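Residue numbering for the sequence shown follows our numbering, starting at 26 and increasing by one per position.
Working notes for the structure below.
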Amino acid sequence: SGYNLAASGAVGRNAFDEQEVALELLDYLRTHYPTLLEGRFKLEGAASMTDEQLLEAIGRKRGALQGGKQINLQKAAEIAIYDFRSAILGRITLETPGEFAQWLAAGQTLDAERQVKKDAIELDRKIRFKKIPKTDLRAS
26 SGYNLAASGA VGRNAFDEQE VALELLDYLR THYPTLLEGR FKLEGAASMT
76 DEQLLEAIGR KRGALQGGKQ INLQKAAEIA IYDFRSAILG RITLETPGEF
126 AQWLAAGQTL DAERQVKKDA IELDRKIRFK KIPKTDLRAS
């Protein structure tokens with residue numbers, strides 16, 4: 026997905042919102058790698074936290090604070106993404122062969138649906154501009 030590309034660094038920094046990408050990344054890590062999150066950021070119960078709670082906890086643990094003890098979520102997001110990209114969290118896979126097969130099948134289905142619509146539009150255009158006589162359609 027686009028979030029995975031952004032998290033991995035394949036998409037330029039100005040093309041995405043770091044907080045949004047960090048929340049998606051934390052959602053995945055919370056589900057698949059909670060012990061890595063807990064170990065790196067010295068958290069307890071990461072699997073039971075929401076993505077927003079995780080981001081706030083990371084900001085609190087890593088000192089991403091603003092005045093009035095407010096958590097700087099932008100800085101916390103940058104920390105989470107940096108730690109992922111630099112493999113400080115450990116070795117992490119964002120997609121499995123099974124997930125890739127599902128994405129590929131879904132993409133192929135969408136491509137086939139688009140092709141059917143495109144063919145129908147092209148046929149309609151040919152009929153309207155008399156490139157195919159209507160009588161030829163009845164014969165087939």
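Virtual Cβ for every residue (Gly too), placed ideally from N, Cα, C.
Source: prediction; values computed, not measured.
Extent of the continuous alpha helix (DSSP H) run through D42: First-last for D42: undefined, no H or E at that position.
Whole-Å CB distance - G115 paired with L80, under 8 angstroms assumed: In fact, because the Cβ distance is near 19 angstroms, the residues do not count as touching under 8 angstroms.
Start-to-end residues for the alpha helix (DSSP H) that takes in N29: 27-33
DSSP-derived helix/strand/coil call for L129: helix
Which runs of the beta strand (DSSP E) at least 3 residues long sit entirely within the region 70-146? Give them in chain order. none
Is L98 buried or exposed, if buried means 16 or more other CB atoms sit within 10 Å of its CB? buried
Rounded to whole angstroms, what is the Cα-Cα separation between T65 and G37? At residue 65 the sequence reads Arg, which differs from the Thr that was named. Between R65 and G37, the C-alpha separation is close to 26 angstroms.
Taking the alpha carbon of D76 as the reference point, which residue from A31, K143, L48 has its own alpha carbon closest? L48
Could you check whether the region 84-98 touches the region 129-149, counting it as contact only if at least three pairs of C-beta atoms, one from each stretch, sit closer than 8 angstroms? no
With a cut-off of 8 angstroms, do at least 3 Cβ pairs link the region 50-58 to the region 104-124? yes
Starting from L62 and walking both ways along the alpha helix (DSSP H), at which residues does that stretch end? 59-66
Return the chain-ordered list of same chain residues with a C-beta closer than 8 angstroms to the C-beta of G27, the five sequence neighbours on each side being excluded. V36, F41
Relative to the alpha-carbon of G84, which residue among Q95, A71, A101, Q78 has its alpha-carbon at the smallest distance? A101
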